[in-house]
Each structure stands twice: as C-alpha cells, then as structure tokens.
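These notes concern the structure reproduced below.
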Amino acid sequence: RHRNRIIEIRENEFGRRFHRTNRKILVVMTKSLIYKEWLKTGKIIVCLAILIAGFTAYDFLALAKNAELQGYEFLWNYAISKNSILVENLIYLPVVCGMVLAAAQLTPESHRKCIKLTLHLPMSQTKTIAVMQGYGICILSIIFIIQAAALFIFLNHYLVVDIVWRILFSLLTWYCAGLCTYIWISAICLEPSWKMKLTELVTALMVLSSFYLSPQSMAYSHGILTMFIVTTLFATLLIHYSVKRFKDGVQ
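The working numbering applies: residue 1 is where the sequence shown begins, and numbers increase by one.
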C-alpha cells in the first residue's frame, strides 16, 4: 500500500507539472502569435489611428467654430430638432478601419499560403484562429473606445450630458459595423473558393447596408442595436468555416 501510495503521488505530481508546462507553452505560443500579427499590421494600425484622429479633430474644430459663431443653443437645437449626431463624417470610418485591418492582416496569410504554417503550430486550430481574430477585434475596440472617450470629453463642453450619451449610443451601431466588416473581410480573405468569396462579399454588403439605414440619432434604439450586436458575435464563427475549407484544399 505504501508503495502504491508513493506511485500515485508521483503520478499526480507529474500530471501537475505536465499541465503547468502545457500552460506555459500555450502562453508563449499566444504571445508569439500576437507579436507576429503586430509585425504584419503595426504600421497599418498607426495609420488608422492617425486617420481616426484627423477626422475626429476636424469635426471638433467644425463644432467649436459653429458654437463660437452661432452659440451653444444652435448646436442643441440642431441635435434635437434634426435628430442629428453632429459628427456624421465619422460614421463610415469604423467600416474603413475594419476593412483595411482585415485585409492587411489576412491577405498575406492567404496569398502566400502562410496560414498553413500557422495552423501547424502546437495549438488547436480553433485557438489559433481565435487569437488572430481576437487580436484584430481588440485593436479595433481600443481605437473605437479611445475615439468615443475623446468625443465624450469634447462634446461635454458644448452639450448637455443626455444629448452626448444619445450621440455615443448612436455611434455604437457603426462601431458594430466596423467589427462586423473586419470579421466578414477576414473570412473572405481566407476563403479559398472564388465563388464562395463572391457569395460572402454580396452577403456582407447586404448585412452592412442594414447598419446604415438611418444616420439619425437613436435610430437603432428599439431592439435593433441588440440584433446587430448578436449578429456581429455570431459572425465570428464564419472565419472558422473559411479556414476549414482552406485546410481541406477546397478550390
């Protein structure tokens, strides 16, 4: 019994060491994969950040000039009577950011067939793709959050808080559109069949057009925004389907 007990203890210790080692390897591989994605997209991310900052600053200057010439009441009345978000120039930027980042990140993977090497890493295919996709979603989310914070700080000087929150809530719809664009373009880039690429592209255009039915403030406040968020989350599964077809050698 004593001998069996010693063997059982050693087996348990070996199992714990194995799991700790496996966890460390997984962490190292995840960090390496994220670093690889940064090497591919770092310059593009900086350019997108500058683009977002430039357009946002332009709208800031325009609103400040209008407030100086016509008074704060003009901005309040325009925002309320026209249901305007006052920053209409910004609503298409999330889509542009999502499209450019997805193309920069995944076009080399598909064009040079680098995705095959990536899928042979000592990680499951699902985890590998999830890390790559999560990288892009996190980068876009950070950019959008920073822009939203800047808008909140700036608009708070000219408008009451209720109007500012209405504007930011409305922008959430187009931030979802940017994330949805990133996910769809990622899947299209990795899709091996041109017929399927075309089908996914047409479907993506139809889905994204629904995000721009109305540029007015709070136009998507009655349950529609929830549907958009759920649609965006479910679309994350699409890229796994494209990778599976790529791995299976579909032409």
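Even glycine gets a Cβ: it sits at the ideal position worked out from N, Cα and C.
For threonine 181, the enclosing alpha helix (DSSP H) covers residues 161-190. Annotated three-state conformation of serine 110 is helix, per DSSP. Looking at the backbone, the Cα of valine 164 and that of proline 94 are separated by about 19 angstroms. A check of alpha carbon separations from alanine 177 across Phe211, Ile80, Phe152 identifies Phe211 as the nearest. One alpha carbon belongs to leucine 51, the other to tryptophan 174, and they sit about 16 angstroms apart. Your pair leucine 140 and glycine 98 checks out as a contact, with CB atoms roughly 6 angstroms apart and the cut at 8 angstroms. Shown here for tyrosine 58: same chain residues with a beta carbon closer than 8 angstroms to its own, the five before and five after excluded, namely Asn89 in chain order.
Distances from the CA of leucine 238 to each of Gln133, Phe169, Gln216, Ile143 were compared; the closest alpha carbon is that of Gln133. The continuous alpha helix (DSSP H) containing threonine 203 extends over residues 194-209.
For the pair leucine 198 and phenylalanine 246, the CB atoms are not nearer than the 7 angstroms cut-off. Of the residues Ala204, Lys24, Ala187, the one whose Cα lies closest to the Cα of alanine 103 is Ala187.
For asparagine 156, no alpha helix (DSSP H) encloses it, and the DSSP letter there is neither H nor E.
Taking a C-beta distance under 7 angstroms as the contact criterion, isoleucine 137 and histidine 240 do not qualify as a contact pair.
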